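For the record, the sequence lines run as chains Z and P. Take the first sequence: its position 243, counting from 1, is numbered 1478 in the working numbering, and each next residue is one higher. Take the second sequence: its position 3, counting from 1, is numbered 6 in the working numbering, and each next residue is one higher. Glycine included, each C-beta is placed from N, C-alpha and C at the ideal position. These numbers come from a predicted model, not from an experiment. Contents: one structure, followed by commentary.
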Amino acid sequence: MLEKFLDKYPGMIREFSFGANGNQVMLGGQNALPFHDFEGASGKPMFALEITDSKPADWAGALREIYADVEASPVAWAQKCATVYGADAVFLNLDSMEKDLSAAEIASGVKEVAGAISVPLIVHGLGDKEKDEAVLPQVAAACSGLGLLIGPVLKENYQAIAEAALEHGHSIIAQVPMDVNLAKDLNIKLGKFFPLERVVIDSLTSALGYGLEYSYSTTERIRLSAVVHDDKTLQTPLIARVGREVWKTKEALQNPQKGILWESVTALNLLLAGDDIIILRHPESLKLVRSLL
Amino acid sequence: MFLIGENIQILSRLVSDAISSTDPQPLQTLAADQAAAGVHWLDLNIGPARKKPSETMVWLVEAIQEVTDLPLSLDTTNPVAMEAGLAICRKKPLINSAAGTQESKEKMLPLAKKYNANVVISVLNDAGIPSDAAARAESIMETIDYANGLGIPNEDIWVDPILMPVGVDQQQILEVVEFVRMLPDIVPGVKSTIGLSNLSNGVPQRLRHILNRVLMVVLDNAGLYSAIVDSFDKDLVDLNAGKKPEIVSLIQRVIDGEDLKSADLSPEERDYYKTAKVIMCQDIYSPSWLEV
C-alpha cells in the first residue's frame, strides 16, 4: 500500500571519493532527494571546517578567538579542526596568494597541511582566474597522489587546472554563478576530458537573509535535474561554502551566538535543497547541524 | 504562420544612425531586403522616441512605404509617435504593443479603436509578467474585456504571451506553448504573436537561430498566428514556408515524446532533435546543448 505513494527516480548521483592513504571519504550514490530515505538512498552529507593559510585578518573576532592558538600555523589549525572538532574534511583557503609568495611556496604549504591530517583536504584558490590558473596546477603537482579536492575551476580557466588535477589524481570543484544552465555547461565542457566522477559543483552560496533563496533554488534545480530528470551531466555532488558568507553578515558579526544559529540554519536549508558538502567556520555550528540531523 | 520582420529596430547601430541622421536609404534597403526574404509584415521599432516622436515615426513610415507594400507593425512605447504613424499607414497597421497596465489601457489601447488598427496586447499587467499559462489567461481575459469595452473587436487583437529567454526560465517555454494552445478556447477569434528572438537572448550568437526556429515550429503546432522574427534567418523562413517538412516532422515527434536514436539522424537532424528536446524541456538547457 505504502509503495503507491513512494516515487522512484531514474537518476543517480555519481559515486565520488577523495582523500588518500586510508582517509578517503565517499559521497554520491543517491537515487532519491535529500532526506527522502523512504524512497531510496538519500546520501549522507559531509562537513568541512574552513581554515586559511595566512593570518585570517578579515575573519570575525569571535572566530579568531576560537582559533587564536592555531591561526599562525595552518598545520596546527587543520589538525585542531580534524581532531578536536571532528570535521569530516578541512577546507584550506589559499589566502597567501594575495601576498608576494611564489606558487612553489604556497604549494609546499598545502602539502604540509595535507600530510598532517587524517581527513581529506579541500584546497581553494581566490576565484581570480589568472592567479588560480598560475597556482592551483602547481598545488596539484606538489600534492600528486594525495587526492585533494581542488577549486574553484571556472569556465575561464577550467582547462589548465582540470588537466593538472587529472594528471595528479585530484578532484575538482566546478564553480558557476548560481545558474543550473551554466553548471551544466561547465560540466559538459569538463566531461570531454575529465571524469565527472571527480567533479563537485559549487553554484555559489548566499547566507540566510542575503539571498539564500537564490542559492536554495539553484541547488534544488540542479539536484532535481540530476535525480528526477536523470540529467547525466549534473549527477555530481554539490558543495556550499556557508561559513564565509554567514560570518560577514552583520547579524553574525554583532552577536556570535546568533552567528552560530545563522550558519547552522543556512547550512540546514542548503542540505534540504541538495548540497552534499557543507563548509563551516564555527565548530559549534558543526556540532549543532550534526545534532539536528 | 505570418512572419513579422524585426530587423528595423532601434537597437541596431545601422538603424539608429540612419534615424538620427535622417538618412532613409539604409532603412529602405533593409525594408526591401526583408520583403525579398519572404516575411509578411515589417516591424518598425523606434524605441521610446523621446526626441521628436511624431516627426520620427512619420518620416520612417513614409520612407518605408516608398519601397514596400507590406503592412507595417509600429513598434514604440511612445503613444504620440504611435498615433502619428497610425494616421498615415496605407494598409491596416499593427500597434506593437499595448498591455494590461493602467498606462497602456489609457494611452495605447484607445488608438486601436480610433484608427481601426490591429493591436498587439501582451499578458503584462501592473503586477508584472504572469508566471504560468493560467495566470497569463487570467490577465489577458481581463485586458481583452477592457479592449472590447472600448469597441476593439477580438479579430483585431493579437495576443502576446511574452516569451522569456531560455537561460532565464526554461520551464516558461512550456507555459507559453500551453497558453497559445488554450487561447482560442478562452478568447475566441483573437490572433496571436510573439517576440520569437527573445527566446535566445543571452545564447551564443551562432546558436541563436536554431533555438528560434524550433520554437517557431512548436508554436505553429500550438496554433500561433504570427511571430516577430529575424527576416534574414533563411532556414526559419523556409521552415515556415513548408520547405523543410522532414525537420518539421522530426520536431513533431519530439513534441509527441518520442525518443529517437541520434545515430540514425543526419548531422542537421541531430541538431534539430537536440534543440527540440531543450525547447520541450526534456533536456536542461546549457549553452553547449548541441555538444552533448
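(Q) Using 8 Å for Cβ pairs, my map puts Z:Val1370 next to Z:Ile1341. What's the rounded Cβ distance? (A) Taking the Cβ atoms as the reference, Z:Val1370 lies roughly 6 Å from Z:Ile1341, within the contact range of under 8 Å.
(Q) Residues of the stretch 1392-1421 of chain Z in Cβ contact with chain P at a cutoff of 9 Å, in chain order, please. (A) Within the stretch 1392-1421 of chain Z, the qualifying residues are Asp1414, Val1415, Asn1416, Leu1417, Ala1418, Lys1419, Asp1420 and Leu1421.
Q | Counterpart residues of P:Asp78 in DSSP-defined beta bridges | A | Answer is P:Asn48 and P:Asn99.
Q.
Taking the alpha carbon of Z:Leu1447 as the reference point, which residue from Z:Thr1287, Z:Ala1508, Z:Ser1331 and Z:Asn1328 has its own alpha carbon closest?
A. It is Z:Ala1508.
Q: Quick one: which residues of the stretch 142-155 of chain P get their C-beta closer than 7 Å to a C-beta of chain Z? List them in chain order.
A: Within the stretch 142-155 of chain P, no residue places its CB atom closer than 7 Å to a CB of chain Z.
(Q) Considering Cα atoms alone, identify which of P:Phe5, P:Thr146, P:Asn243 and P:Leu63 is closest to P:Ser19. (A) Per the Cα distances, P:Leu63.
Q: Return the CA-CA distance between P:Ala84 and P:Glu109, expressed in angstroms with no decimal places.
A: Going from the Cα of P:Ala84 to the Cα of P:Glu109 covers about 15 Å.
(Q) Helix, strand or coil for P:His212? Go by DSSP, reduced to three states. (A) Here P:His212 sits in helix by DSSP.
Q) In chain Z, what lies closer than 7 Å to P:Ser15 by C-beta? A) What P:Ser15 touches in chain Z: nothing, since even the nearest Cβ is about 27 Å away.
Q: Below 6 Å CB to CB, which residues in the same chain sit around Z:Pro1245 once its five sequence neighbours on both sides are set aside?
A: Asp1465, listed in sequence order.
Q) Mind listing which residues of the stretch 1454-1487 of chain Z have their C-beta closer than 8 Å to chain P's C-betas, in chain order? A) Under the 8 Å Cβ criterion, the stretch 1454-1487 of chain Z contributes Ser1460, His1464, Asp1466, Thr1468 and Leu1469.
Q. At a Cβ threshold of 8 Å, is P:Ile287 touching chain Z?
A. Cβ-Cβ to chain Z under 8 Å: yes for P:Ile287.
Q) Which residues in the same chain have their Cβ closer than 6 Å to the Cβ of Z:Ala1311, if we skip the five residues on either side of it in sequence? A) Excluding sequence neighbours, Z:Ala1311 sits near Val1305.
Q.
With a threshold of 8 Å, are at least 3 pairs of Cβ atoms found where one atom belongs to the stretch 93-105 of chain P and the other to the stretch 140-151 of chain P?
A. Output reads yes: the stretch 140-151 of chain P touches the stretch 93-105 of chain P.
Q | Contacts that P:Glu1 makes with chain Z (C-beta to C-beta distance below 7 Å) | A | Any question about residue 1 of chain P goes unanswered here, given that chain P covers just 4 to 295.
Q | Backbone secondary structure at P:Thr32 - three-state DSSP | A | Secondary structure at P:Thr32: helix, using DSSP grouped into helix, strand and coil.
Q. Among residues of its own chain, excluding the 5 on either side of P:Val206, which ones have a beta-carbon nearer than 8 Å to its beta-carbon?
A. Pro168, Val169, Gly170, Leu214 and Pro290, listed in sequence order.
Q.
Measuring alpha carbon to alpha carbon, tell me which residue in P:Asp72, P:Asp238, P:Gly88 and P:Val221 is nearest P:Lys55.
A. Cα-wise, what sits closest to P:Lys55 is P:Gly88.
Q) Which same chain residues, not among the five before or five after P:Ser234, have their C-beta less than 6 Å away from its C-beta? A) Gly8, Asn10, Gln37, Ala40 and Val42.
Q) How about Z:Glu1285 and Z:Arg1516: are their beta carbons less than 8 Å apart? A) A contact, by the Cβ cut-off of 8 Å.
Q. Would you report the Cα separation of Z:Gly1478 and Z:Trp1497, rounded to the nearest angstrom?
A. Each residue's alpha carbon lies about 9 Å from the other.
Q) Which value, in whole angstroms, describes the spacing of the CA atoms of Z:Glu1274 and Z:Leu1262? A) Cα to Cα, Z:Glu1274 sits roughly 18 Å from Z:Leu1262.
Q) What's the C-alpha gap between P:Asn128 and Z:Leu1384? A) One Cα belongs to P:Asn128, the other to Z:Leu1384, and the distance between them is close to 49 Å.
Q: Assign P:Gln28 to one of two classes, buried (16 or more other C-beta atoms within 10 Å of its C-beta) or exposed (fewer than that).
A: With fewer than 16 other Cβ atoms within 10 Å, it is exposed.
**Q.** Chain-order list of residues whose beta-carbon lies under 6 Å from that of P:Val251 (same chain, five-residue window excluded)
**A.** Answer for P:Val251: Val220, listed in chain order.
Q) Three or more beta-carbon pairs under 8 Å between the stretch 1336-1355 of chain Z and the stretch 1388-1401 of chain Z, yes or no? A) Because the criterion of three Cβ pairs below 8 Å is not met, the stretch 1336-1355 of chain Z and the stretch 1388-1401 of chain Z do not touch.
Q: Give the interface partners of P:Gly170 over in chain Z, defined as CB-CB distance under 9 Å, in chain order.
A: By Cβ distance, chain Z contributes Asp1414, Asn1416 and Leu1417.
Q) Under 8 Å between the Cβ atoms of Z:Tyr1451 and Z:Leu1528? A) Contact: no.
Q: Give me whichever residues DSSP pairs with Z:Leu1515 in a beta bridge.
A: DSSP, once it has assigned bridges, lists Z:Leu1284 as partnering Z:Leu1515.
Q. Chain Z partners of P:Ser291, CB-CB under 7 Å?
A. In chain order: Asp1420, Ile1423 and Lys1424.
Q. Going by the beta-carbon positions, is the gap between P:Arg273 and P:Ser265 smaller than 8 Å?
A. By the CB criterion at 8 Å, P:Arg273 and P:Ser265 fall inside the cutoff.
**Q.** Z:Gly1382 to Z:Val1358 span [Cα, whole Å]
**A.** Straight-line measurement puts the Cα of Z:Val1358 at about 11 Å from the Cα of Z:Gly1382.
Q: Assign P:Thr25 to one of two classes, buried (16 or more other C-beta atoms within 10 Å of its C-beta) or exposed (fewer than that).
A: When all chains shown are included, P:Thr25 counts as exposed.
Q: Note the first and the last residue of the continuous alpha helix (DSSP H) segment covering Z:Trp1497.
A: Run containing Z:Trp1497: Pro1491 to Ala1508, per the alpha helix (DSSP H) assignment.
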